[in-house]
Amino acid sequence: MRRSSWVWLAVVVVLSLPVLWGLTPWDRGPGVVQALALRVPTLLVLAAVVVVSLVVRRWWAAGILVVVLGVGASPLATAGAAGALAADPDGPTLGIVSVNARYGLADAEQIVALVREREADVLVVVELTPELVERLGDAGLPDVLPHREVLPARGPEGSGLWSATPLRDGGEIPGSTMRMPFATLDVGRCAVRVLAAHPMAPVPGSEGTWRAELAALGTFLRSDDGVVDVAAGDLNAGLTLPAFRAMLGDDLTTARSAAGLAWAPTWPTDVPRPWVDLDHVVVPVGTGATAAGTHAIDGTDHLAVSARIVPVC
């Protein structure tokens, strides 16, 4: 084999391996989670190499890479295949806005403006500080969402939720690194428990904690106690990661998927374009969703997410 052919073979292997590995349930090993989270940049590089291989007439390399590109991109492009709709499309809806406030530095006035614009019934804020709680109050949040269950902290650990209607049965998931409060509200005849979700990030050395907290979150969302469970926040995971897909299983999905929308990145926003989908609204399969979107907020490196869902009970 000629030297140039060996070079192209190496390129094909190096670009294909992380993409194909991301389709498996295995994410163990140093740097594996972080590499799998970068599937989209890898796919963009792969697409560029396909063009180059066509220009230089390396047909076999182009053919293999096109197949890998299609296989790797299909879970993101078809994320909207969320299962049969069980919700009444004309039933009562719940509008949710979720923001990672980046150590409480997010612009409070913009958050409140987004709540008003989306006519949100619930706001979830993670990385919530006491100072941000005060600024949100000054910006008029209690005028639109007067009820709250908040656990602020002077770091990234704080979280909270606000509601337009009364909340009850508040609490938090025990034993998690970040505080994750929840509370129940009524949406039509459905009792909906909303969780402000913020499991540990999969930083090197903490992947085990991250997996355990994602799994615990999935268990919480499947509690069979007569309420509809919804999680909103920065889940520090996305569709490219096996642990997140395992947490969703066959009975949970994202609001974007329920709305028939494809993958959308939310982090980081301090680069030309975000490339990882960390922020979600997670709902039971069969939940209706009439809208889902992402929104820029000054002061944070995450896009806010919004959704309007139709719960099933």
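Note that the sequence shown covers residues 22 to 334 in my numbering.
All C-beta atoms, glycine included, are put in the ideal place defined by N, C-alpha and C.
What you are looking at is a predicted structure, and each value in this text was computed from that prediction instead of being measured.
Own chain residues within Cβ distance below 6 Å of residue i, not counting five before or after
| i | result |
| --- | --- |
| alanine 82 | Trp29, Val33, Ser74 |
| valine 146 | Val120, Ala122, Gly181 |
| alanine 280 | Ala310, Ala313 |
| leucine 36 | Leu67 |
| glycine 191 | Glu170, Ala204 |
| glycine 43 | Leu57, Arg60, Thr261 |
| histidine 301 | Leu256, Thr275 |
| arginine 79 | Trp29 |
Cutoff 7 Å; reference residue i; Cβ partners in own chain excluding five residues on either side
| i | result |
| --- | --- |
| proline 289 | Pro295, Asp322 |
| leucine 90 | Leu64, Leu67, Ala68, Val71 |
| threonine 114 | Thr311, Arg329, Ile330, Val331 |
| alanine 103 | Caution applies to alanine 103, whose pLDDT of 49 falls short of 50 and renders its modelled position unreliable; the value that the coordinates give is listed next. Cβ neighbours of alanine 103 beyond the five flanking positions: Thr274, Ser278, Ala279, Val306. |
| alanine 317 | Thr290, Leu324 |
| arginine 232 | Ala264 |
| serine 244 | Asp250 |
Simplified DSSP state of residue i, which is helix, strand or coil
| i | result |
| --- | --- |
| glutamate 148 | coil |
| arginine 266 | helix |
| leucine 166 | coil |
| tryptophan 183 | strand |
| leucine 273 | strand |
| serine 25 | helix |
| glycine 93 | helix |
| alanine 103 | Confidence at alanine 103 is low in this model, with a pLDDT of 49, below 50, so its placement is unreliable and no value can be given for it. |
| isoleucine 85 | helix |
| glycine 196 | coil |
| arginine 189 | strand |
| glycine 116 | strand |
| valine 54 | helix |
| leucine 64 | helix |
| leucine 59 | coil |
| leucine 44 | coil |
| valine 333 | coil |
| valine 154 | helix |
| valine 77 | coil |
| leucine 126 | coil |
Presumed contact (8 Å Cβ cut-off) between residue i and residue j, rounded CB distance
| i | j | result |
| --- | --- | --- |
| tryptophan 150 | arginine 175 | The question names tryptophan, yet the displayed sequence has threonine at residue 150. Confirmed, Cβ separation roughly 6 Å. |
| glycine 320 | aspartate 128 | 5 Å |
| leucine 273 | leucine 235 | No, leucine 273 and leucine 235 are not in contact; Cβ-Cβ is about 12 Å, not under 8 Å. |
| leucine 172 | alanine 185 | Not a contact, Cβ separation roughly 20 Å. |
| glycine 93 | arginine 60 | 7 Å |
| alanine 253 | valine 208 | Their Cβ separation, rounded to whole angstroms, is 14 Å, which puts alanine 253 and valine 208 out of contact at 8 Å. |
| leucine 238 | alanine 218 | 6 Å |
| valine 249 | valine 213 | 5 Å |
| alanine 283 | leucine 157 | The Cβ separation is near 32 Å, so there is no contact. |
| arginine 210 | cysteine 334 | 6 Å |
| valine 133 | leucine 162 | 5 Å |
Buried or exposed by the 16-neighbour rule on C-beta atoms within 10 Å, applied to residue i
| i | result |
| --- | --- |
| tryptophan 183 | buried |
| aspartate 291 | exposed |
| threonine 287 | buried |
| serine 95 | exposed |
| aspartate 298 | buried |
| glycine 41 | The displayed chain sequence assigns leucine, not glycine, to residue 41. With fewer than 16 Cβ atoms within 10 Å of its Cβ, leucine 41 is classed as exposed. |
| threonine 240 | exposed |
| glutamate 140 | exposed |
| leucine 144 | buried |
| proline 202 | buried |
| arginine 200 | buried |
| glycine 125 | buried |
| leucine 206 | buried |
| threonine 45 | exposed |
Residues near residue i by beta carbon distance below 8 Å, same chain, minus five either side
| i | result |
| --- | --- |
| threonine 230 | Thr198, Met221 |
| proline 51 | Pro225 |
C-beta neighbour in chain D for residue i, strict 8 Å
| i | result |
| --- | --- |
| threonine 315 | Included in the structure is just one protein chain, with no chain D present. |
Problem set entry | Runs of beta strand (DSSP E) wholly within the stretch 199–262 (minimum 3 residues, chain order) | Runs of the beta strand (DSSP E) inside the stretch 199–262: 202–208, 211–218, 249–255.
For this session: For the stretch 283–329, list the beta strand (DSSP E) runs that are entirely contained and at least 3 residues long, ordered along the chain.
Result: Those beta strand (DSSP E) runs which fall completely within the stretch 283–329 and span 3+ residues are 300–305, 309–316.
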